[in-house]
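Protein chains in written order, with numbering that gives the first Met the number 0: chain A, 0 to 342; chain B, 0 to 342; chain C, 0 to 342. Each residue gets a CB set at the ideal place from its N, CA and C atoms; glycine is no exception. Note that the structure is predicted; figures quoted are calculated from it, not measured.
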Amino acid sequence: MTATLTELVARFGGELIGDGARSIRQVAPLERATADEIGFVAQSRYLAQLQHTRAGAVILPLEARDACDLPRILTAHPYLYFARVSALLNPPPRPPAGVHERACVAADAVIAIEASIGPGAVIGSGATIGARSVIGANCVVGDGAKIGADCLLHASVTVYPHCEIGDRAILHSGCVIGADGFGFAPNDGMWEKIPQIGRVIIGDDVEVGANTTIDRGALEDTRIENGVKLDNQIQIAHNVIIGAHTAIAACTGIAGSAKIGRHCTIGGAAMIAGHLEIADGTRISTNTLITKSLPEAGSYTSALPFSEHAVWQKNAVHLRNLDKLAKRVKELEKTMKEWGDKP
Amino acid sequence: MTATLTELVARFGGELIGDGARSIRQVAPLERATADEIGFVAQSRYLAQLQHTRAGAVILPLEARDACDLPRILTAHPYLYFARVSALLNPPPRPPAGVHERACVAADAVIAIEASIGPGAVIGSGATIGARSVIGANCVVGDGAKIGADCLLHASVTVYPHCEIGDRAILHSGCVIGADGFGFAPNDGMWEKIPQIGRVIIGDDVEVGANTTIDRGALEDTRIENGVKLDNQIQIAHNVIIGAHTAIAACTGIAGSAKIGRHCTIGGAAMIAGHLEIADGTRISTNTLITKSLPEAGSYTSALPFSEHAVWQKNAVHLRNLDKLAKRVKELEKTMKEWGDKP
Amino acid sequence: MTATLTELVARFGGELIGDGARSIRQVAPLERATADEIGFVAQSRYLAQLQHTRAGAVILPLEARDACDLPRILTAHPYLYFARVSALLNPPPRPPAGVHERACVAADAVIAIEASIGPGAVIGSGATIGARSVIGANCVVGDGAKIGADCLLHASVTVYPHCEIGDRAILHSGCVIGADGFGFAPNDGMWEKIPQIGRVIIGDDVEVGANTTIDRGALEDTRIENGVKLDNQIQIAHNVIIGAHTAIAACTGIAGSAKIGRHCTIGGAAMIAGHLEIADGTRISTNTLITKSLPEAGSYTSALPFSEHAVWQKNAVHLRNLDKLAKRVKELEKTMKEWGDKP
Numbered sequence: 000m001t002a003t004l005t006e007l008v009a010r011f012g013g014e015l016i017g018d019g020a021r022s023i024r025q026v027a028p029l030e031r032a033t034a035d036e037i038g039f040v041a042q043s044r045y046l047a048q049l050q051h052t053r054a055g056a057v058i059l060p061l062e063a064r065d066a067c068d069l070p071r072i073l074t075a076h077p078y079l080y081f082a083r084v085s086a087l088l089n090p091p092p093r094p095p096a097g098v099h100e101r102a103c104v105a106a107d108a109v110i111a112i113e114a115s116i117g118p119g120a121v122i123g124s125g126a127t128i129g130a131r132s133v134i135g136a137n138c139v140v141g142d143g144a145k146i147g148a149d150c151l152l153h154a155s156v157t158v159y160p161h162c163e164i165g166d167r168a169i170l171h172s173g174c175v176i177g178a179d180g181f182g183f184a185p186n187d188g189m190w191e192k193i194p195q196i197g198r199v200i201i202g203d204d205v206e207v208g209a210n211t212t213i214d215r216g217a218l219e220d221t222r223i224e225n226g227v228k229l230d231n232q233i234q235i236a237h238n239v240i241i242g243a244h245t246a247i248a249a250c251t252g253i254a255g256s257a258k259i260g261r262h263c264t265i266g267g268a269a270m271i272a273g274h275l276e277i278a279d280g281t282r283i284s285t286n287t288l289i290t291k292s293l294p295e296a297g298s299y300t301s302a303l304p305f306s307e308h309a310v311w312q313k314n315a316v317h318l319r320n321l322d323k324l325a326k327r328v329k330e331l332e333k334t335m336k337e338w339g340d341k342p
Numbered sequence: 000m001t002a003t004l005t006e007l008v009a010r011f012g013g014e015l016i017g018d019g020a021r022s023i024r025q026v027a028p029l030e031r032a033t034a035d036e037i038g039f040v041a042q043s044r045y046l047a048q049l050q051h052t053r054a055g056a057v058i059l060p061l062e063a064r065d066a067c068d069l070p071r072i073l074t075a076h077p078y079l080y081f082a083r084v085s086a087l088l089n090p091p092p093r094p095p096a097g098v099h100e101r102a103c104v105a106a107d108a109v110i111a112i113e114a115s116i117g118p119g120a121v122i123g124s125g126a127t128i129g130a131r132s133v134i135g136a137n138c139v140v141g142d143g144a145k146i147g148a149d150c151l152l153h154a155s156v157t158v159y160p161h162c163e164i165g166d167r168a169i170l171h172s173g174c175v176i177g178a179d180g181f182g183f184a185p186n187d188g189m190w191e192k193i194p195q196i197g198r199v200i201i202g203d204d205v206e207v208g209a210n211t212t213i214d215r216g217a218l219e220d221t222r223i224e225n226g227v228k229l230d231n232q233i234q235i236a237h238n239v240i241i242g243a244h245t246a247i248a249a250c251t252g253i254a255g256s257a258k259i260g261r262h263c264t265i266g267g268a269a270m271i272a273g274h275l276e277i278a279d280g281t282r283i284s285t286n287t288l289i290t291k292s293l294p295e296a297g298s299y300t301s302a303l304p305f306s307e308h309a310v311w312q313k314n315a316v317h318l319r320n321l322d323k324l325a326k327r328v329k330e331l332e333k334t335m336k337e338w339g340d341k342p
Numbered sequence: 000m001t002a003t004l005t006e007l008v009a010r011f012g013g014e015l016i017g018d019g020a021r022s023i024r025q026v027a028p029l030e031r032a033t034a035d036e037i038g039f040v041a042q043s044r045y046l047a048q049l050q051h052t053r054a055g056a057v058i059l060p061l062e063a064r065d066a067c068d069l070p071r072i073l074t075a076h077p078y079l080y081f082a083r084v085s086a087l088l089n090p091p092p093r094p095p096a097g098v099h100e101r102a103c104v105a106a107d108a109v110i111a112i113e114a115s116i117g118p119g120a121v122i123g124s125g126a127t128i129g130a131r132s133v134i135g136a137n138c139v140v141g142d143g144a145k146i147g148a149d150c151l152l153h154a155s156v157t158v159y160p161h162c163e164i165g166d167r168a169i170l171h172s173g174c175v176i177g178a179d180g181f182g183f184a185p186n187d188g189m190w191e192k193i194p195q196i197g198r199v200i201i202g203d204d205v206e207v208g209a210n211t212t213i214d215r216g217a218l219e220d221t222r223i224e225n226g227v228k229l230d231n232q233i234q235i236a237h238n239v240i241i242g243a244h245t246a247i248a249a250c251t252g253i254a255g256s257a258k259i260g261r262h263c264t265i266g267g268a269a270m271i272a273g274h275l276e277i278a279d280g281t282r283i284s285t286n287t288l289i290t291k292s293l294p295e296a297g298s299y300t301s302a303l304p305f306s307e308h309a310v311w312q313k314n315a316v317h318l319r320n321l322d323k324l325a326k327r328v329k330e331l332e333k334t335m336k337e338w339g340d341k342p
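Pasting the structure below:
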């Protein structure tokens with residue numbers, strides 16, 4: 000797949016300067032791009048990266064019109080433009096449509112005619128696979144589950160019965176959609192299982208990373224709204240709601256019934272306690288534990304600064320005595336105030 | 000599946016007040032329950048939830064006898080009662096007994112006649128599957144492994160060779176039982192593998208969450224005792240012992256040879272160091288790191304409070320100087336004592 | 000499989016004292032070893048463990064020549080010696096060579112003749128499987144992927160298209176090699192996917208734990224160098240480089256484009272931020288967050304000490320006021336200095 004610069008500008012907009020017939024085969028970082036590859040500079044402060052590039056063309060911010068002599072496309076959003084050019088040049092490979100002879104599809108499952116069901120995939124009774132969706136090798140789609148149109152389930156994805164996934168979803172290998180939430184009633188020191196009869200409902204344009212788990216609801220559904228992006232190894236407990244267009248980095252855990260707003264960004268390995276609400280547009284740092292609702296958008300953190308081991312040990316021991324230290328300071332202040340009050 | 004209130008009380012006990020012929024089809028939260036659904040109030044302080052419910056019946060604590068006019072069941076443990084009613088009304092679906100034609104069962108594996116082996120499942124040589132157990136699609140049960148009776152392995156579970164699982168286990172998709180523990184002998188800057196020749200032995204009534212991993216022992220076995228409940232994405236290293244009826248929330252890691260007591264509860268994303276012992280009945284908070292044995296039951300934590308990012312940054316910098324701060328306070332105290340001692 | 004002590008010394012070196020004809024069937028911990036088993040003592044301070052052992056032989060450090068009357072092998076590295084004896088006595092079981100009739104191998108895949116492809120395994124178009132490698136049940140090896148010689152992929156491993164794995168790799172169940180990195184360009188509050196066109200390149204002698212995920216690069220490749228050992232449930236983001244012979248414990252996350260040195264050891268549940276470099280030979284503690292480059296080898300930590308819950312609460316509240324506390328101490332110092340300066 001190749002495209003000329005003229006074709007790119009016709010498709011994605013931007014202002015073309017230089018040879019529009021230049022043919023582009025691939026995107027690449029500037030330092031190793033070659034004559035049939037296009038690079039980009041996201042912001043003017045990185046323009047020095049252009050100096051030694053051998054790229055065939057570059058995507059530049061508007062104000063960098065004269066930053067080089069290469070054929071170039073000017074745009075207000077170079078990174079986004081680059082993403083779109085890359086998507087054009089790197090369409091996901093499509094296996095042939097139809098059901099592979101080594102797939103196992105229930106007689107009453109509904110497979111849209113252009114869909115592709117890979118070898119070893121198992122599609123349960125009453126399940127629905129939408130138009131043009133690709134179900135990878137060894138995936139399991141449970142009874143009554145519903146996968147929308149234009150979805151891509153990479154190999155070895157598991158969708159439990161009756162869960163629903165919208166259009167254009169990308170699910171990576173090993174992710175598990177709809178396992179039972181962790182719900183037990185205590186009974187004399189033992190635990191009795193509470194059936195998890197809710198589902199997982201996932202909107203359109205959602206991406207779910209490898210080995211991420213999203214549990215089905217206890218009574219209501221767990222809901223992932225449109226445009227949510229989830230990295231790898233995220234755990235989303237039962238009854239959680241993730242608002243539209245929120246992005247969550249890897250290894251984060253979200254406990255039961257938490258309601259995350261729209262357009263939030265959550266760093267890796269964050270932990271969000273259950274039964275709380277987080278405002279739209281909130282930003283949570285890597286490794287941060289959120290234990291109560293955040294009614295106002297903002298940037299929140301509890302990530303510890305690290306030190307050399309020996310230094311840390313010396314400091315950390317005082318964490319166990321902070322209250323005493325604070326009291327000692329108060330005592331000093333009191334004494335000094337008494338002394339200061341004396342004539 | 001439906002049951003009348005009279006049938007419920009006959010089966011589960013409790014005191015029935017009102018129309019025993021009321022037929023119940025499902026459990027539901029009070030705010031959306033309808034005429035053929037039953038809700039519950041766990042404790043008297045939540046009785047206000049009854050005000051606008053349209054539930055057909057409710058389960059109430061004993062002292063709430065007169066809290067509403069609905070048909071109701073009084074019990075000392077409403078949540079537990081609710082769990083049991085839900086379990087009655089929502090039996091896990093059972094695939095047909097027998098070996099699916101797309102399963103692959105070794106000639107010398109022993110499959111109890113009422114068991115169900117799903118499509119794509121692989122049962123190794125000498126493995127045993129107990130009576131009425133369900134092995135989901137694309138599960139792999141290794142050579143010589145043993146699954147008890149009435150177990151439910153959801154799709155895509157992996158059990159390594161020679162591991163043993165008791166009766167009534169529920170294993171969720173993507174969990175891996177019996178991978179090698181992380182054991183290497185250093186050799187001149189490189190690592191030589193130490194064969195992990197122990198097994199994983201899991202008791203009765205254990206539930207293991209999606210994508211949880213339990214490693215086999217190095218020389219001895221890793222052991223999960225009866226009634227243990229493990230959430231998703233938990234990592235249990237080699238030679239760990241988890242005492243009976245302990246419950247562990249998602250994303251927790253337990254390092255090698257740790258011995259966790261019985262009836263403990265461990266919050267999400269906790270980390271337990273290796274080679275330590277934790278007393279029966281201990282409670283460990285979310286995000287807490289336990290680095291030494293806890294010989295006495297109690298509630299332990301090291302979870303950080305979060306702040307607005309800017310506030311946190313200002314405070315966190317002092318963590319690197321706590322020792323100096325403490326010394327400065329000591330110095331102040333000393334000086335003041337000297338001064339105070341002066342006449 | 001058995002070996003006499005004489006055979007062991009012929010193969011692995013060391014000094015034999017006592018009956019060289021003693022036949023050893025298995026390794027075992029000293030406290031439960033029997034007459035045909037061999038135990039070891041790693042260091043002299045543990046020699047008391049010899050007192051009640053019924054082991055048939057022991058491996059001892061050089062200086063422990065006279066520590067017991069058992070047949071014994073003296074060596075400078077007893078733990079390493081023990082590992083090698085165990086590896087000899089416990090060779091990994093090898094399924095028969097060839098492609099299982101229930102495997103699904105693309106017509107143009109290249110399978111070395113001594114390799115073993117298990118039931119339910121799917122090998123993509125143009126993929127290569129090296130000599131003597133074992134591909135477990137229900138594994139998926141994507142189009143154009145390359146697995147070296149003498150590899151062992153346990154059941155249910157997923158390797159995405161075009162990733163490459165060297166010789167003698169061990170990949171545990173549920174690990175996912177080559178899923179898309181987490182890369183999106185923001186567009187007016189939404190996210191547009193950036194195709195991840197790099198690969199994962201894994202060197203020789205690498206072990207990858209169960210449910211560990213290693214993402215493919217965005218433009219360049221993610222690289223895991225020779226001899227790296229990764230425990231379970233580790234997340235390695237796109238474009239990361241892990242230097243040779245580095246070992247990483249379970250549940251650790253490494254963010255995008257981090258470059259980890261060679262011969263590092265990283266404790267469990269550590270988190271390494273993206274776009275930083277860590278020096279060769281660095282040690283990072285369990286639960287530690289590394290947020291900037293570590294240009295010098297050393298031992299780094301930010302792990303919190305835990306306390307009883309009530310004690311912790313009392314201390315932790317001051318973390319939110321550390322800056323104020325530090326200022327109060329400064330104020331006290333200033334006042335005292337003023338007073339002290341007065342005659």
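Under 7 angstroms between beta-carbons, which chain C residues line up against residue i? List them in chain order, please.
i        : result
Glu332/A : Arg327, Leu331
Gly297/B : Glu307
Pro95/A  : Going along chain C, no residue has its Cβ under 7 angstroms from Pro95/A, so there is no contact; the nearest lies around 11 angstroms.
Gln232/A : Thr212, Gln232, Gln234
Assuming residue i contacts residue j under a Cβ cut-off of 8 angstroms, what Cβ separation, rounded to an integer in Å, is found between them?
i        : j        : result
Ala32/B  : Arg53/B  : 6 angstroms
Ala268/B : Thr251/B : 6 angstroms
Gly147/C : Ala126/C : Going by Cβ atoms, the distance from Gly147/C to Ala126/C rounds to 12 angstroms, so no, they are not a contact pair.
Ile201/C : Ile164/C : 4 angstroms
Which residues of chain A have a Cβ atom closer than 8 angstroms to the Cβ of residue i, listed in chain order?
i        : result
Gly13/B  : Those do not exist, as Gly13/B stays about 14 angstroms from chain A at its closest Cβ, beyond 8 angstroms.
Pro304/C : Ala315, Val316, Leu318, Arg319
Pro160/B : Residues of chain A passing the Cβ test: none, with the nearest at roughly 20 angstroms.
For a contact meaning CB atoms closer than 9 angstroms, what does residue i contact in chain A?
i       : result
His99/C : The premise fails here: His99/C is roughly 12 angstroms from chain A at the closest Cβ pair, so nothing lies under 9 angstroms.
Identify the contact partners of residue i in chain A, using a Cβ-Cβ distance below 7 angstroms as the criterion.
i      : result
Met0/B : In chain order: nothing, as chain A lies at least about 12 angstroms away.
Determine the chain C residues that contact residue i at a beta-carbon separation under 9 angstroms, and present them in chain order.
i        : result
Lys228/A : Phe181, Phe183, Trp190, Lys192
Val109/A : Ordered by position in chain C, no residue passes the 9 angstroms Cβ test against Val109/A, which lies about 24 angstroms from the chain.
Leu324/B : Leu321, Leu324, Ala325, Val328
Does the Cβ of residue i have 16 or more other Cβ atoms within 10 Å, making it buried, or fewer, making it exposed?
i        : result
His244/C : buried
His171/B : buried
Gly188/C : exposed
Lys145/B : buried
Ala106/A : exposed
Arg44/C  : exposed
Val104/B : buried
Starting from residue i, find everything on chain B with Cβ-Cβ shorter than 7 angstroms and list it in chain order.
i        : result
Asp220/A : Chain B residues near Asp220/A: none, gap ~12 angstroms exceeds 7 angstroms.
*asked:* Can you confirm whether the region 189-204 of chain B touches the region 182-201 of chain C when touching is taken to mean that 3 or more C-beta pairs between the two stretches lie within less than 8 angstroms?
replied: Flag = no, the region 182-201 of chain C and the region 189-204 of chain B do not touch.
*Between the region 197-214 of chain C and the region 229-246 of chain C, do three or more beta carbon pairs fall short of 8 angstroms?*
Touching, per the Cβ criterion.
*Three or more beta-carbon pairs under 8 angstroms between the region 8-26 of chain B and the region 74-92 of chain B, yes or no?*
Flag = yes, the region 8-26 of chain B and the region 74-92 of chain B touch.
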